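There are 2 protein chains.
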Amino acid sequence: MSTTHTGKIDIIKAAASKINEVDFENLSFGSVFTDHLLECDFINGEWQKPVIKPYAPFLLDPSARVFHYGQAIFEGMKAYKDESDDIWLFRPDENFKRFNNSAVRMAMPEVPEDVFMNGLNELLRLDEAWIKKGKGNTLYIRPFLIATGQGVIANPSDDYKFMVILSPAKSYYSGEVKVLIAEHFSRAANGGIGAAKAAGNYAAQFYPTSLANAAGFQQVIWTDDATHTKLEEAGTMNVFFRINDTLYTAPTSERILDGITRKSLIDMAKKEGIAVEVRPVLVSELVEASKNGTLKEIFGAGTAAVVNPIIGFSYKEVYYELPKIENSYASQLKDKLTNIQHKLAEDTFGWTVKV
Amino acid sequence: MSTTHTGKIDIIKAAASKINEVDFENLSFGSVFTDHLLECDFINGEWQKPVIKPYAPFLLDPSARVFHYGQAIFEGMKAYKDESDDIWLFRPDENFKRFNNSAVRMAMPEVPEDVFMNGLNELLRLDEAWIKKGKGNTLYIRPFLIATGQGVIANPSDDYKFMVILSPAKSYYSGEVKVLIAEHFSRAANGGIGAAKAAGNYAAQFYPTSLANAAGFQQVIWTDDATHTKLEEAGTMNVFFRINDTLYTAPTSERILDGITRKSLIDMAKKEGIAVEVRPVLVSELVEASKNGTLKEIFGAGTAAVVNPIIGFSYKEVYYELPKIENSYASQLKDKLTNIQHKLAEDTFGWTVKV
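Going down the list, the sequences are from chains A and B.
Under the numbering used here, the first sequence has 303 at position 303, and the numbering climbs by one with no breaks.
Adding 1000 to a residue's 1-based position in the second sequence gives its number in the numbering used here.
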């Protein structure tokens, strides 16, 4: 291992790369990691010097707060390589802002911009061989922050660890997705943490999702917990509905994540002349639109999957199948967005940022 | 270190005890741990052989699911030593049952009874010198289960680690406790995980509690997230209200933890001839009772604090002070319960179990 000291960051290089062991054509999402990671500790009220070092397990005390009280947040981002071997990020400022919004909600320290952004850029440059060219090839970026302070008392931790790990990816979901509309379970409370990318929000969905899986559905569309009448998110994604030629999606709120793919799709759709209405969408509207033939599409939107078309939904034990549509909004918007991300189309929005 | 192999459990003893470094008269809750811990891994669908070994940090992969998706649950229990040096647990079967109920809700494997109970008993016997005699001295027990499987994909982990760590304790809360009744924030959703001892439930409370702290209140009394009209829990405890000579507490539900101290207090109060009503209690009732002088007491109930009297509450920026009462229900019930736990009074309920 060679070590580089710069003013801002220490870099400890791996002795050898694992890259030749990886089959880039057969990647299982989120399971393979690059040679290095970024780490920065928060101790005694201060951020320490960040370090890039070989990806490896690390030691934690059994009483670390993250194990007992779930103080943990993350982001999901992607890097892309264009035909000139330049590396690009998509709206990274939005991820950085949301990361620190999540930190505040979970009583964790905000990560300084230079630690997050410069650290990430250095890491991407060092592991750039892991970013493959060509549409569909991406490097999934996972920044996360965990409470490392010791002690089993339900108070915010004094110490934290910020890390960024990188995972080469193809696509997140595959196959046809049928969803179950939640009639009992829910993912977020009013005045809760649904809008934060808090670790605990995700584990809470696993059991209801496993019940849906057992019934033959890949995901759950979450509804508001008080009345289960309003459609909120699909699995870990925001959700869009096309009724006639208008796209509908719920407004962001304390219960609904302010998705970056969501807002990018809204802006793109408007620019394409597609009518978009951001307002609460009722389950009853969806059922009615399906019955009268005006429901054309449902799709999820998120960083991992980008756009994930849904072929049907179940509500109160009735299954509603969606029509098969040529040139769907889902496919049009996904194509346009991934072209911008991969620098195959002009980025008139100014969303892509060169590393 | 000496290693013992038995059929059921491996025991690796610490080379030396840390016990002489500990000031048992000045313990900060949950900050000091005994010489050993219990560990049992779940790998490839099977629980491995449990091991008792020296308390020490352990290695985890940066992509471990517990960091990213919050699959983590815990319990809080206590051990007591009587005047004959016998060690006692209080209703451990209830903790074991609730632990596995939490596991199911968080899509985690249930821990086998022999791993949990026999493992705990062996651990307590080995570290018995850490349990001090005398009322007020306890050994706080923290069983927990975390997702150790690797991969940043929002699915349940394949691998888990169960651990039990022990911390000698005096009392949890000190000083007078004023509470703020939640008007905006909340701790649990209908159809959510409020009834599980899931790690993520606790971090979610830190920020609202820090706002309450800054306003001069030690805890928040949580209300239902939909209407904020029903009183649910106080901080990390169940909550009781005494109006005239009747005790009121909310029924357990998906939003409210089925507290073992809570249900023990209900049984004890009934036996003492105190009227107890388990029903939703409205904020408006509390305010009204305070105004007309019938509100006598509010107290929290939980394993760590046992009974925690509250001296006043704030709602809509009005502070309501409680009367100072001699021989309060809180002090009577706390005294009786801790006497049972410490084997200073007859346990007519059959709650105490010898290790």
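Here a beta-carbon is modelled for each residue, glycine too, at the ideal position from N, C-alpha and C.
For clarity, every value in this text was computed on a predicted model and none was experimentally measured.
From the DSSP output, in three-state form, read off residue i for me.
| i | result |
| --- | --- |
| Trp1130 of chain B | helix |
| Asp114 of chain A | helix |
| Tyr1055 of chain B | coil |
| His184 of chain A | coil |
| Glu1083 of chain B | coil |
| Leu27 of chain A | coil |
| Glu1122 of chain B | helix |
| Asn20 of chain A | helix |
| Ala154 of chain A | coil |
| Asp10 of chain A | strand |
| Ala234 of chain A | strand |
| Ala15 of chain A | coil |
| Pro1143 of chain B | strand |
| Met1001 of chain B | With a pLDDT of 48 at Met1001 of chain B, under the threshold of 50, the modelled position of this residue cannot be trusted; read the value that follows with caution. Coil. |
| Phe1349 of chain B | coil |
| Lys1049 of chain B | coil |
| Lys178 of chain A | strand |
| Thr1148 of chain B | coil |
| Val1355 of chain B | coil |
| Met77 of chain A | strand |
| Thr1227 of chain B | coil |
| Leu1060 of chain B | strand |
| Ala1072 of chain B | strand |
| Ile243 of chain A | strand |
| Leu89 of chain A | strand |
So which residues on chain B does residue i lean against when the C-beta distance must stay under 8 Å?
| i | result |
| --- | --- |
| His68 of chain A | Ala1072, Phe1074, Arg1142, Phe1144, Ala1199, Tyr1202 |
| Tyr55 of chain A | Pro1062 |
| Pro251 of chain A | Result: empty, since nearest Cβ-Cβ is about 18 Å, beyond 8 Å. |
| Phe33 of chain A | Pro1062, Ser1063 |
Would you say residue i reaches chain B, if we count a Cβ-Cβ gap shorter than 7 Å as a contact?
| i | result |
| --- | --- |
| Leu60 of chain A | yes |
| Gly151 of chain A | yes |
| Arg105 of chain A | yes |
| Phe217 of chain A | no |
| Gly30 of chain A | yes |
| Phe206 of chain A | yes |
| Ser210 of chain A | yes |
| Ile9 of chain A | no |
Chain A partners of residue i, CB-CB under 8 Å?
| i | result |
| --- | --- |
| Asp1225 of chain B | Ala189, Asn190, Gly191, Gly192, Asp225, Ala226 |
| His1184 of chain B | Gly191 |
| Ile1165 of chain B | Pro62, Ser63, Val152 |
Flag residue i as yes if its beta-carbon sits less than 7 Å from any beta-carbon of chain A, otherwise no.
| i | result |
| --- | --- |
| Leu1037 of chain B | yes |
| Gly1119 of chain B | no |
The alpha helix (DSSP H) that contains residue i, what's its start and end?
| i | result |
| --- | --- |
| Gln205 of chain A | 199 to 214 |
| Lys97 of chain A | 92 to 105 |
| His1068 of chain B | 1065 to 1069 |
Counting along the chain, where does the beta strand (DSSP E) carrying residue i start and finish?
| i | result |
| --- | --- |
| Trp222 of chain A | 219 to 223 |
| Ser167 of chain A | 160 to 169 |
| Asp41 of chain A | 36 to 43 |
| Phe33 of chain A | Phe33 of chain A -> no beta strand (DSSP E), and no H or E assigned at all. |
| Leu1247 of chain B | 1246 to 1249 |
Determine the chain A residues that contact residue i at a beta-carbon separation under 7 Å, and present them in chain order.
| i | result |
| --- | --- |
| Gly1259 of chain B | Within 7 Å Cβ-Cβ: nothing; Gly1259 of chain B doesn't reach chain A, min ~14 Å. |
| Ser1017 of chain B | The premise fails here: Ser1017 of chain B is roughly 18 Å from chain A at the closest Cβ pair, so nothing lies under 7 Å. |
| Phe1116 of chain B | What Phe1116 of chain B touches in chain A: nothing, since even the nearest Cβ is about 16 Å away. |
Whose Cβ in chain A lies nearer than 9 Å to the Cβ of residue i?
| i | result |
| --- | --- |
| Thr1236 of chain B | Ala154 |
Quick one: list the residues of chain B neighbouring residue i, beta-carbon separation under 9 Å, in chain order.
| i | result |
| --- | --- |
| Phe313 of chain A | Ordered by position in chain B, no residue passes the 9 Å Cβ test against Phe313 of chain A, which lies about 18 Å from the chain. |
- Start-end ranges of the beta strand (DSSP E) lying completely within the region 253 to 341 of chain A, minimum 3 residues: Counting only runs of 3 or more residues that sit fully inside the region 253 to 341 of chain A, the beta strand (DSSP E) segments are 275 to 278, 295 to 302, 306 to 315, 318 to 321, in chain order.
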